[in-house]
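So for the sequence shown, the UniProt record's numbering puts the first residue at 1; every next one is plus one. Working notes, beginning with the structure itself.
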Amino acid sequence: MIRKFAKYWRDSASLLVLAKDQAQPNPLTKTYNYKVLVFKRTAKTAFMPNSVVFPGGGFDKQDASLDWESFFRSRNIPEKALNELTKVGGARPYIFERESTDLLDRNISLRLCALREAFEELGVLLVTNERGKDAGYSSCMQSFDVATWQQRIHDGAVSFQELHAALGSTPDVLNLYEWSCWLTPSMFRKRRYETAFYLAVLNEQPNIHPEPHEVHEYFWDTPAALLEAHREEKIWLAPPQTYEVTRLSYVYDIDQLVRFADGRNRKGSTLLCPVQYNAADGVIFVLPGDELYPPDYDYNSDNPNLDQYGEQTRDAIRSKAKRLHRVEHTDDHPQPDHFVGKDLRKLKQVLVFKRPERTSFMPNAVVFPGGAFDKQDAALAWNSLLPKTITTPLAHVSGPRPFIFETESEEVLNRNVSLRLCAIREAFEELGILLAAKMEHEPRKLPGYGSVIECGSSDLVSWQKDVHDGRKQFQELCQHLAAIPDVASLYEWSTWITPTILHKKRFETAFFLVALDALPTVLPEPKEVQEYFWDTPGNLLEAHEANRIWLTPPQAYELKRLSYLPDIEQVISFARSKRIGKGTTPLCPVAYRTADGVVLALPGDTLYPKDYDYVTEHSNANDYVSLTLKELRQKAASLHRLELVGKLHAKGFHQNHPALDEHLHLEGDHPHLGKL
């Protein structure tokens, strides 16, 4: 990508350096197993003196020298690996446009800039990890005269490439993850920077050698501790640092962060250039996606509506906005408590967890929360908590109704309600998420979104264990809290039946979907949850494809369908228009062995048995063992199947006829079917 026009700001790069420690991550106690490296600028620094920042600085022509290409070849760095860094989809800010083909691609040269600046300012030299372990982590080289080389690099006596040539080392561009891109607001006309932020992860904290002219002091600390020090005005985090540390604060496990960073490394970055509005009690800086952000902003113009809301408070301005992505300031301090960026809506993150190795059914599988129906879910006593105005509409469903929705008698709760209660109870038992609202007031939530009662107190942790172990019932918890389970916000999504080939462990499972407008606290139950993570459908499918995680077939299928909706608002819109009262056709896969895998045929597929009773083991399972998955697919007139390789590992998703029940299509906008 070649730069097409001149810019009115300087380019720079910054590096978020995270180091692992020995702590056990725990969301309940807000315990992180990593710390972030930051430093305080000196009082004489020309730009933002005394601010606390990540290491980073201005782009230099040495970073873009094509000599790096031959250098990497001499170090046996695969050209393919370097080229992968340049294959980035999604939004590409101006900074990634190189001036000419005589210069190194900006996706590489900006990483070199970030690495060079980290060494110049803090003596941290990140080099390629040649041991071949700790995938995704970088290494810090320390066994050399750091101080002498640091001063020579900082003063321009030698180049960064000459340093590596002398040490026999290689700058670790491959393990730097593109994180974000910021542009100084237009009001700072004389000092504007477009900065590419990268993230690097280390297994331990290296020795730090602060450069005295640039670094007043440095420190390692957790995201939460940095934000607390900022709120208490013990330190002043510059606005981009406040934003990025706030985002980090929701992830307690560094390995989860590495997986997330690796998944989004080639997704691109939207340029974050704040636009200012004055308020009666402070200042608001809006960011892309916010209702107040100027359409088609040119990044140079001052906001003509700067004082439009000057007589209103920040709370009043915020309460009127439907789309929020902003940072609010009082004096010179951005307040992370009022950072209301709805990243969850944009990213459409899904909560999944990995089962423990000793789980009797599907060990090590990555699944959605859920579990077996219990008689407490069907107790008529729930009618005292759940008004008929909520439950009655849920029972009015047209279209196909799987067996699981058949209510046994009038002496138990309608299955359309009790199955939702089961899903809510299991989410609480497994992950400590209580989908409910307090009775005493109307829940404050956006239309289509669910309600959550935060489970941060020790009292609720005790309840989670008691409900999980059967000492108390879920209804007792709701009565104790005067809470109403939010059954109305659960959309009936699909129904799956375990194939007959797994005859010893078969389940009919109703899948529901709930949307949340903020990430809730998660309290994993240790006997059922090995680890949990939030991620986008696309990233989860990519990790599954790369064999980093194993999604069971229903999870892979549902994530594939969700992956075609770009944001959570469209998921809600689809669920409200197409899933309420529509019913679901049961999906009970029928297995066929092939020469290179297994086909799981689903209703509508050529191979699916007519009038299937969901019980009979069909006699044709081995009829196609001489054909490959592809050959068998090519023979089928109608496709609705998953293709598995290895142990139930879904690698192929095929559907060439209209989706069942007006649902999402397995292949998105299929060329023969038109738009979804």
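Idealized CB from N, CA, C, for every residue including glycine.
- The residue from Leu648, Asp517, Glu525, Leu37 with its alpha-carbon nearest to that of Ser462 is Glu525.
- Under DSSP, Lys354 forms a beta bridge with Val366, Glu531.
- Annotation: the continuous alpha helix (DSSP H) that includes Asn107 extends over 106-122.
- Judged by their CB atoms, Pro400 and Thr270 are not nearer to each other than the 7 Å cut-off.
- Separation of Phe160 and Ala135 (C-alpha to C-alpha, rounded to the nearest whole angstrom) is 25 Å.
- Taking Arg10 as the centre and dropping the five residues before and after it, the same chain places the C-beta of Gly58, Phe59, Arg192, Tyr193, Glu194 closer than 8 Å to its C-beta, in chain order.
- Of the candidates Arg106, Ala147, Leu110, the residue whose Cα lies closest to the Cα of Val124 is Ala147.
- Of the residues Pro356, Leu516, Arg73, Asp63, the one whose Cα lies closest to the Cα of Glu454 is Leu516.
- Rounded to whole angstroms, the Cβ separation of Cys181 and Ile108 is 16 Å, and the two are not in contact under 8 Å.
- Taking C-alpha positions only, Thr330 is separated from Lys388 by approximately 46 Å.
- In the structure shown, Pro553 adopts helical secondary structure according to DSSP, grouped into three states.
- Note that the C-beta distance between Leu199 and Val52 is not below 7 Å.
- Taken through DSSP and simplified to helix, strand or coil, Phe511 comes out as strand.
- Following the DSSP letters along the chain, one finds Asp262 in no beta strand (DSSP E) but inside the alpha helix (DSSP H) bounded by residues 254-264.
- DSSP places Arg98 within a strand segment (E or B) once states are collapsed to three.
- By the Cβ rule, the stretch 562-571 does not count as touching the stretch 602-619, because fewer than three pairs are nearer than 8 Å.
- Burial is judged here by how many other beta carbons sit within 10 angstroms of a residue's own beta carbon; Glu117 has at least 16 and is buried.
- Per DSSP, the unbroken beta strand (DSSP E) holding Pro485 starts and ends at 483-485.
- Ranked by Cα distance from Thr509, the options Lys267, Pro402, Asn539 are led by Pro402.
- In this structure, the beta-carbon distance from Leu513 to Ala575 falls below 7 Å.
- For Leu666, the secondary structure class from DSSP, reduced to helix, strand or coil, is coil.
- For Trp179, the enclosing beta strand (DSSP E) stretches over residues 177-183.
- For Leu431, the enclosing alpha helix (DSSP H) starts and ends at 415-431.
- Taking 7 Å as the cut-off, the beta carbon of Val88 is found closer than this to the beta carbon of Arg266.
- Straight across, the Cα-Cα distance linking Glu120 with Pro55 is about 9 Å.
- Contact between the stretch 278-297 and the stretch 245-263 is absent, with fewer than three C-beta pairs closer than 8 Å.
- Judged by DSSP in its simplified three-state form, Trp236 adopts coil rather than helix or strand.
- For Ile453, there is no enclosing alpha helix (DSSP H), as DSSP gives it neither H nor E.
- The C-alpha of Glu411 lies about 8 Å from the C-alpha of Ala379.
- In this chain, the alpha helix (DSSP H) harbouring Asn539 covers 537-545.
- By the CB criterion at 7 Å, Cys140 and Pro210 fall outside the cutoff.
- In the DSSP annotation of this structure, the continuous segment of the beta strand (DSSP E) that includes Glu492 starts and ends at 491-497.
- Residue pairing of Lys40 in beta bridges, as defined by DSSP: Val52, Glu217.
- In terms of Cα proximity to Asn416, the closest of Ala229, Leu435, His396 is His396.
- The three-state reading of DSSP puts Val598 in strand, counting E and B together.
- Taking C-beta separations shorter than 6 Å and ignoring five residues to either side along the sequence, the partners of Cys422 in its chain run Phe373, Asp377, following chain order.
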